[in-house]
Structures are given as structure tokens and as C-alpha cells.
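Taken in order, the sequence shown gives residues 1 to 265; the numbers are from the UniProt record's numbering. We put the CB at the ideal spot given by N, CA and C, even for glycine. Report on the following structure.
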Amino acid sequence: MSKILEVIEEKIAASEKHSHCMMSGTTLLNEVNARLRVNGETEIGEDQFKEELKGLLKEQKIFFKKEYDEKIKYDGTYERVELKARSWFLNNAKLKEHKEKTVAYNKESREREEQKLVQKDRDVKKLSREAQAVYGTIKALTVEDNKAYVKTSEVQKKANMEFKEVQDAIKELRDNKISYMMKISRDFEKDTNGVKDNVHEEDWVITNSSKVLSKVIEREKIKEELNTAKNNDKEINLDKPGKKEKPKKKEIPKKDKKIEKGNER
């Protein structure tokens, strides 16, 4: 039996709904080779793996579906990206069923979000005039530019309000769970006239969507964990002895060298 098929069957059997499993090509290959090692068999390379996978797909012994995610970029715009992991199935009927459920789930999710925003349109009318103005500005900016969130500075500029008025209005909106403010950050390399500098940027952004809030919190959390992992890699290992430094030779000042040369004569 094909080890690829064996891995997919086991993963599907262990999954919650027993309909499919999600794995990237790299993970699948690693799982296959792990089983080969246990059996004392020779591991397969990437090319052989792809050929065998192609054969299984052609014979319709396995099926797959590419998965996508709508990511929020730093500037608040959306980007549809293909995930590395794919959904793997053992029969076409399950694949079709999964596609239909995904379409239905996405539709229901959009409708729920729209209903929440309609309710917020009603609830905000109970708040101050300033809070209503800021809420309306956030809504206009996100809808006009199809953005998940906007900078608080952009809201102030668009609303044409004083800084304190905007801050008080935002606090009122946050207290009533109508709008949500978040701190975001990014590290990037900036090229100025051929000189590259590492730049750290931070911004305060705001949205009327609780769904966006959850996604951004998750994004910032993952980013922080990745940065922590990088920093841990740079940690000094105190258990590992350091290299012994050779004593530096004492340099003789130039004047002393001349004196020595004179003495030698």
C-alpha cells in the first residue's frame, strides 16, 4: 500500500469529522519518510514523492482542495492568499460536500457580520453626537476603501474634529463595544539612497468589526511569538563554555621602539 495513501487515511480517521485532513506537501512527505524510517526502508525524495502523488490523484485514490485565507495587510487592505496546507480526501463525494459546506459557512458568516453592523447602526444613535460622527467616519473610510481598519489619525482628519473630541468619542464607542481600537506594529527594511535601515513602525487603528478585531489580535500575537522565537535563538547559552581568549601581545609604543633600536646599536 502506498505510504502517502496510508498517511492520509490515518489522518482522516483521526480527524474530528472523518471527512478530510489538512496538511502541506512538506508535512505529508515528512510523515511518509517517518514511517519508512520506522520500517527500516529507504526514504523518498521530493521528486519521487511528487510522482507518486500525481499517480494517486490520476487514479482518483485521493483528492485535494486548495485552501485560501483573507489576510489583513498592515495598511488595513485585504489580501487573499493560498495556504500551504491543503485539504485531502479519499473520495470525491466528501470533497464536493466540503466545498458546499465552505460556501454555506462563508455566506452565513458574512450575514452574521452584516447583522451585527446593522445593530450597531441602531445602537450608536443612543450615544453622543461626537461618537456618532466618529462611528460614521470609521464606517465610511472602511467601506470606501474596502479596508478592515483605519488609522485613528485618518479618522480625526476626515471627521474634522479636535484631537480630544475624537479621543473621547472613541472611548465612548469602545465602552459600548461598538468600535474597537488596536495597536499594530511592523518591522521592515527601508532603503534610503542605497542605505538600508531596519525600521520599527507602530500605529493606532480602529474598526467597527469585532471579526476584524479578533483577526488582528491573532495576527499581532503570532508576530510577537515569531519575534520571541528569533530572540531566543540569539540567547547566550550559559551551559556551553565560551572560547578561551588568547592574551593580547603588549604593543610597544613607536617612541620606545626607536629607543630599543638605538640601544641595539
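- With contact defined as three or more Cβ pairs closer than 8 Å, the stretch 81-95 and the stretch 141-153 are not in contact.
- If you check the CB distance, Ala131 and Ala169 come in under 7 Å.
- Residue state for Asn193 is assigned as coil, using DSSP reduced to three classes.
- In the same chain as Leu56, and ignoring 5 residues on each side of it, the C-beta atoms closer than 7 Å to its own belong to Ser2, Ile4, Leu5, Ile62, in chain order.
- Each residue's CA atom was taken as its position, placing Glu10 and Gln115 some 41 Å apart.
- Taking a cut-off of 8 Å on C-beta distances, the stretch 182-194 touches the stretch 209-220, as three or more cross pairs fall below it.
- Here the alpha carbons of Leu29 and His18 stand approximately 21 Å from one another.
- Listed in chain order, the beta strand (DSSP E) elements of length 3 or more contained wholly in the stretch 37-85 are 63-72.
- Under the three-state reduction of DSSP output, Asp145 falls in the coil class, being neither helix nor strand.
- Contiguous alpha helix (DSSP H) elements confined to the stretch 130-180 occur at 152-159, 163-175, taking only those with 4 or more residues.
- Residue environment: Ala14 is assigned as exposed (fewer than 16 neighbouring CB atoms within 10 Å of its CB, all protein chains considered).
- For His98, the three-state secondary structure derived from DSSP is helix.
- The shortest C-alpha to C-alpha distance from Glu67 to any of Cys21, Val216, Lys157 is the one to Cys21.
- For His200, the CB contacts under 6 Å within the same chain, skipping 5 residues up- and downstream, are Asp187 in chain order.
- The beta-carbon distance between Lys158 and Leu141, rounded to whole angstroms, is 6 Å. This is short enough to meet the 8 Å contact definition.
- Annotated as proximal: Lys147 and Gly76, with beta-carbon spacing under 7 Å.
- For Met23, the enclosing beta strand (DSSP E) has its first and last residue at 21-23.
- Only buried fits Ala133, as 16 or more other CB atoms lie within 10 angstroms of its CB.
- Taking C-beta separations shorter than 7 Å and ignoring five residues to either side along the sequence, the partners of Phe163 in its chain run Gln156, following chain order.
- Sequence-distant Cβ neighbours of Leu83 in its own chain, meaning closer than 7 Å and more than five residues away, are Glu67, Tyr68, Asp69.
- Per DSSP, the continuous alpha helix (DSSP H) segment holding Lys3 begins and ends at 3-14.
- The straight-line gap separating the alpha-carbon atoms of Lys58 and Lys50 is approximately 12 Å.
- Ser209 sits in coil when the DSSP states are folded into three classes, being neither helix nor strand.
- When the beta-carbon positions are compared, Asn208 and Ser179 come within less than 7 Å of each other.
- As a beta-bridge residue in DSSP terms, Val199 pairs with Phe188.
- For Val205, the closest alpha carbon among the candidates Lys73, Val38, Glu43, Asn160 is that of Lys73.
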